[in-house]
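Asker:
Numbering (my numbering), first residue to last: 2 to 94.
#1: To the nearest angstrom, how far is the alpha carbon of residue 39 from that of residue 86?
#2: For a test of the three-state rule: what should DSSP assign to residue 39, helix, strand or coil?
#3: Tell me whether residue 82 sits in a helix, a strand or coil according to DSSP, three-state version.
#4: When the Cα atoms are used, what is the spatial distance from residue 75 to residue 94?
#5: Return the chain-ordered list of same chain residues with a C-beta closer than 6 Å to the C-beta of residue 54, the five sequence neighbours on each side being excluded.
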């Protein structure tokens, strides 16, 4: 499996995990932990994730946008099935 396929599989898996989390609130992992792990896997620094809030105004069908607050910075994370997350640094702490 090449790097692009691996990252795409991670993005797809993350989307499925978030959907499953919404359906089953008994899961120990929250969206903030799942999204933080995803961007770390893609090489971004997210120390001590604080919160993840869905940005419904920026989201679209098959494209969910989250604002992720970490101790090291704030990111806009766009999740698209079968693709790597698009990550934008909004503010560095």
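From the three backbone atoms N, C-alpha and C, an ideal C-beta is built for every residue, glycine too.
Answerer: Inspection of the coordinates gives the following:
#1: Roughly 8 Å separates the two Cα atoms.
#2: In this structure, residue 39 counts as helix in the three-state DSSP scheme.
#3: The answer is coil: DSSP assigns residue 82 none of H, G, I, E or B.
#4: Cα-Cα distance, rounded: 8 Å.
#5: Cβ neighbours of residue 54 beyond the five flanking positions: 68.
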